[in-house]
Amino acid sequence: MDRNRRPSGWDELPDEILLQIIAYLEPYHITRLRLVSHRLQELCLDDELWKRNCFDESPWYLRLQNRRGATPPFFPLASHGHEVQNAARATQKDVTSTKGPHLVVPPTKPPTDDSKHRKWRKIQDMANWDPSFPTEQVSWYDEYIQRCGPACISWLQTPRIRDCGVEAIIESRGVALYNPHDGNDGDGTMLAVSPLDDGSVCLWDIKGTRGKQGSIIGRSKPDILFIDGPSGQNKRRSKRIDTGVTECVSVNHQNNRAFFAVQSHLIEVDLNRLEAVSRQSFEWSITTMSAINQGLPLTVGTSLGIHLHDFRTRANIPSDRSERVEWDESDVYRSIFDPKPLPPYASLSQPTPISILHLPKFGSHDQMSDDIYVSGRFTNILHYDRRMFPAIVGSIYSGGLIKSLAAVPYPYSTVDYEVRRHGEFPVEQISRIKRTGSGVTMVAGGAYKLKGSLEMYGLSSAVHSNDRATLQNAAMKNRQTAASATILSLTTHGTKIAFSDGTGLIKWFERDGFTECRRHKIGSCDAKASNLLASKGRGEIARKILSTKSFVGQDRPNNDNILFWTGERLGLLSFTTAPLYQSDDFEPQDEEMAAEEEKRQQYADKMREALERQTDEMRLMNRFGHGPA
Numbered sequence: 002m003d004r005n006r007r008p009s010g011w012d013e014l015p016d017e018i019l020l021q022i023i024a025y026l027e028p029y030h031i032t033r034l035r036l037v038s039h040r041l042q043e044l045c046l047d048d049e050l051w052k053r054n055c056f057d058e059s060p061w062y063l064r065l066q067n068r069r070g071a072t073p074p075f076f077p078l079a080s081h082g083h084e085v086q087n088a089a090r091a092t093q094k095d096v097t098s099t100k101g102p103h104l105v106v107p108p109t110k111p112p113t114d115d116s117k118h119r120k121w122r123k124i125q126d127m128a129n130w131d132p133s134f135p136t137e138q139v140s141w142y143d144e145y146i147q148r149c150g151p152a153c154i155s156w157l158q159t160p161r162i163r164d165c166g167v168e169a170i171i172e173s174r175g176v177a178l179y180n181p182h183d184g185n186d187g188d189g190t191m192l193a194v195s196p197l198d199d200g201s202v203c204l205w206d207i208k209g210t211r212g213k214q215g216s217i218i219g220r221s222k223p224d225i226l227f228i229d230g231p232s233g234q235n236k237r238r239s240k241r242i243d244t245g246v247t248e249c250v251s252v253n254h255q256n257n258r259a260f261f262a263v264q265s266h267l268i269e270v271d272l273n274r275l276e277a278v279s280r281q282s283f284e285w286s287i288t289t290m291s292a293i294n295q296g297l298p299l300t301v302g303t304s305l306g307i308h309l310h311d312f313r314t315r316a317n318i319p320s321d322r323s324e325r326v327e328w329d330e331s332d333v334y335r336s337i338f339d340p341k342p343l344p345p346y347a348s349l350s351q352p353t354p355i356s357i358l359h360l361p362k363f364g365s366h367d368q369m370s371d372d373i374y375v376s377g378r379f380t381n382i383l384h385y386d387r388r389m390f391p392a393i394v395g396s397i398y399s400g401g402l403i404k405s406l407a408a409v410p411y412p413y414s415t416v417d418y419e420v421r422r423h424g425e426f427p428v429e430q431i432s433r434i435k436r437t438g439s440g441v442t443m444v445a446g447g448a449y450k451l452k453g454s455l456e457m458y459g460l461s462s463a464v465h466s467n468d469r470a471t472l473q474n475a476a477m478k479n480r481q482t483a484a485s486a487t488i489l490s491l492t493t494h495g496t497k498i499a500f501s502d503g504t505g506l507i508k509w510f511e512r513d514g515f516t517e518c519r520r521h522k523i524g525s526c527d528a529k530a531s532n533l534l535a536s537k538g539r540g541e542i543a544r545k546i547l548s549t550k551s552f553v554g555q556d557r558p559n560n561d562n563i564l565f566w567t568g569e570r571l572g573l574l575s576f577t578t579a580p581l582y583q584s585d586d587f588e589p590q591d592e593e594m595a596a597e598e599e600k601r602q603q604y605a606d607k608m609r610e611a612l613e614r615q616t617d618e619m620r621l622m623n624r625f626g627h628g629p630a
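Per this note's numbering: the sequence shown = residues 2 to 630.
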């Protein structure tokens with residue numbers, strides 16, 4: 002042996018050995034280690050490494066261990082995540098095409114050695130928990146931050162009006178996300194669009210590409226969203242945006258246009274110039290709208306009908322001519338006495354739709370099918386086919402009042418998830434189900450007997466052909482553990498389902514619809530107790546929530562936050578140890594006034610904590626029968 006030979010450095014070790022070493026570190030130290038070099042950064046962001054960390058700290062795995070009456074064993078090897086995939090690939094060769102997609106494969110006989118048995122059991126448990134699908138792109142580093150990292154609430158800049166030295170706050174009346182030029186502007190810009198109470202349209206910078214993050218970067222003139230136009234009498238509430246309509250704005254990212262529902266009118270606004278360019282009247286008040294998808298008309302829900310509004314048929318005006326909206330009061334009477342027949346629409350036997358969903362195709366977030374689902378103040382979810390509109394294709398009985406609809410472009414099976422929650426499916430069975438399954442999951446959130454209802458419906462070609470038996474096996478209604486109050490809004494967030502409820506909480510659930518991953522109180526910024534313990538709040542609720550994930554280009558790590566609207570203002574839930582900004586950060590403020598405001602806020606927080614503690618004590622005493630008579 003050559004004694005003069007220099008020992009090998011860590012940078013000469015193979016990636017596999019370095020991953021084994023990194024796996025022994027705590028997640029906090031891994032995030033610090035990735036700043037050392039580009040190579041370590043790539044290794045420290047290894048998906049299988051963070052996937053295992055997500056699994057080890059998941060409430061799903063903790064409940065499985067409690068069900069078995071054992072404590073989770075220490076499992077340090079990062080390669081086990083790769084072994085799950087390797088075992089699945091090896092068994093794919095033995096599975097013939099004659100087997101059905103849900104045929105239960107006898108589980109592999111576990112090894113007799115105790116250490117090998119624990120390793121085998123951990124691999125199978127991880128495969129049963131894994132919420133992702135083979136064709137799905139998942140950043141498990143982001144997943145870990147969203148599931149286990151700290152969370153804080155930041156408030157976007159508050160719109161204000163100043164006149165003769167008097168300042169007043171203007172409330173927001175809705176929200177939608179806007180990616181200029183369909184996200185291909187070169188900067189990855191993402192803006193929040195909101196109609197304001199003074200009839201103007203306001204734009205905020207969500208990711209800080211055009212200005213300070215959370216600041217207002219554009220605002221139109223007042224009154225452009227009022228029914229009678231800028232010069233009309235718009236003091237009456239009947240002339241303004243209905244405060245009870247949640248889905249009142251929809252954005253066309255390609256053409257940089259937005260549609261706003263104002264009573265029975267649909268007003269189109271050019272987001273580049275922030276000017277109204279067209280207006281469409283409907284027979285009844287607009288109560289909801291769908292999102293705008295490429296190549297498809299906008300679906301508009303009025304109090305008594307469902308309409309397809311094809312904005313693409315509007316006459317194109319040459320670029321050298323200015324577009325102008327003629328605000329003529331005679332338009333209302335002209336539409337009433339117009340001899341032309343009404344365009345086809347689907348009438349509703351029960352009024353007030355609340356949410357409209359364009360169902361995506363299997364495995365795609367961008368490509369839409371011809372299926373339209375409508376929920377509202379009725380107990381059925383209505384199903385329409387765009388090719389046969391306005392005829393109704395079918396309906397799904399919920400029994401509750403559904404206020405929000407979302408979709409996961411992957412299949413759902415109640416039976417499969419029930420077996421997987423007990424960790425009983427072998428690895429090869431799960432791999433085959435995910436590989437051969439097809440369909441889309443519709444997620445519904447609302448209320449049932451004053452409690453929150455989270456519902457999952459697995460939709461496939463068999464379901465669309467009115468196969469009721471298949472729908473029963475693919476339907477789940479969680480009305481016990483989802484929420485103690487009405488679910489107001491829901492969306493998909495990574496491999497999770499996020500929703501807001503009437504108690505001011507934002508919750509994250511696994512795709513099985515039963516397992517809660519996390520919760521956070523609106524208004525709080527408590528990094529220590531933001532997982533399954535509700536931290537202090539300010540009494541706010543989120544009427545609408547949106548994921549800020551960009552589906553175009555490569556987004557930087559930890560950039561998928563939750564944008565929410567309280568009914569009056571906009572906030573952002575970020576996974577950071579401190580707020581990214583506050584609404585007062587954008588306004589000039591005297592140092593003495595700022596110090597006084599901080600003391601006032603600290604006193605209010607202490608009083609709130611004392612009152613909450615007293616309330617908890619009273620509830621505890623009431624459980625033991627020692628409460629007030």
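The C-beta atom is built at its ideal place from N, Cα and C for all residues, glycine as well.
- Per DSSP, the unbroken beta strand (DSSP E) holding residue 347 starts and ends at 346-348.
- Within 10 angstroms of the beta-carbon of residue 16 lie fewer than 16 other beta-carbons, which makes it exposed.
- In this structure, residue 347 places its C-beta atom within 8 Å of the C-beta atom of residue 385.
- With contacts defined as CB atoms closer than 8 Å, residue 413 and residue 457 qualify as a contacting pair.
- Under the three-state reduction of DSSP, residue 611 is assigned to helix.
- Boundaries for residue 32: no beta strand (DSSP E) harbours it, while the alpha helix (DSSP H) harbouring it runs 28-34, taken from the DSSP string.
- With respect to the 8 Å criterion, residue 65 and residue 44 are not classified as neighbours on the basis of their beta carbons.
- If you check the CB distance, residue 304 and residue 282 do not come in under 8 Å.
- The C-alpha of residue 503 lies about 43 Å from the C-alpha of residue 120.
- Under the DSSP assignment, residue 434 falls in the alpha helix (DSSP H) whose first and last residues are 428-437.
- With contacts defined by Cβ atoms closer than 8 Å, residue 401 and residue 448 form a contacting pair.
- Taking a cut-off of 8 Å on C-beta distances, the segment 388-408 touches the segment 355-371, as three or more cross pairs fall below it.
- Within the segment 236-275, complete beta strand (DSSP E) segments of at least 3 residues are found at 250-253, 258-263 and 266-271, given in chain order.
- For the pair residue 280 and residue 268, the CB atoms are nearer than the 8 Å cut-off.
- Pairing residue 248 with residue 492, the inter-Cα distance amounts to about 13 Å.
- Given a length threshold of 3 residues, each whole run of the beta strand (DSSP E) inside the segment 368-432 is given here in chain order: 369-377, 379-386, 393-398 and 402-409.
- Contact check between the segment 555-573 and the segment 511-518: fewer than three CB pairs, one atom from each, fall below 8 Å, which does not count as touching.
- Between the C-alpha atoms of residue 219 and residue 205 there is a straight-line separation of about 7 Å.
- In chain order, 255 place their CB closer than 7 Å to the CB of residue 295, counting only its own chain and leaving out the 5 sequence neighbours on each side.
- In the DSSP assignment, residue 164 is bridged to 167.
- Excluding its 5 nearest sequence neighbours in each direction, residue 292 has C-beta neighbours in its own chain below 7 Å: 251 and 359, listed in chain order.
- Annotated as proximal: residue 405 and residue 356, with beta-carbon spacing under 8 Å.
- When secondary structure is reduced to three states using DSSP, residue 616 falls in the helix class.
- In this structure, residue 195 and residue 175 form a Cβ contact; the two beta carbons are roughly 6 Å apart against a cut-off of 8 Å.
- Note on the segment 456-523: whole alpha helix (DSSP H) runs with a minimum of 4 residues are 462-465 and 469-474, in chain order.
- By the CB criterion at 8 Å, residue 298 and residue 365 fall outside the cutoff.
- CA-to-CA, the gap between residue 576 and residue 490 works out to about 20 Å.
- Beta-bridge pairing by DSSP links residue 359 to 373.
- Membership of residue 449 in the beta strand (DSSP E) is indicated by the continuous run 441-449.
- DSSP lists 299 as the beta-bridge partner residues of residue 310.
- Residue 354 sits close to residue 289, with the two beta carbons spaced by under 8 Å.
- Contact check for residue 568 against residue 139 fails: the beta carbons are separated by 8 Å or more.
- Restricting attention to alpha helix (DSSP H) runs no shorter than 4 residues, the segment 127-166 encloses them at 141-149, ordered along the chain.
- Per DSSP, residue 206 is not a residue of any alpha helix (DSSP H); the beta strand (DSSP E) it occupies stretches across 202-206.
- Around the beta carbon of residue 203, 16 or more other beta carbons lie within 10 angstroms, which makes this residue buried.
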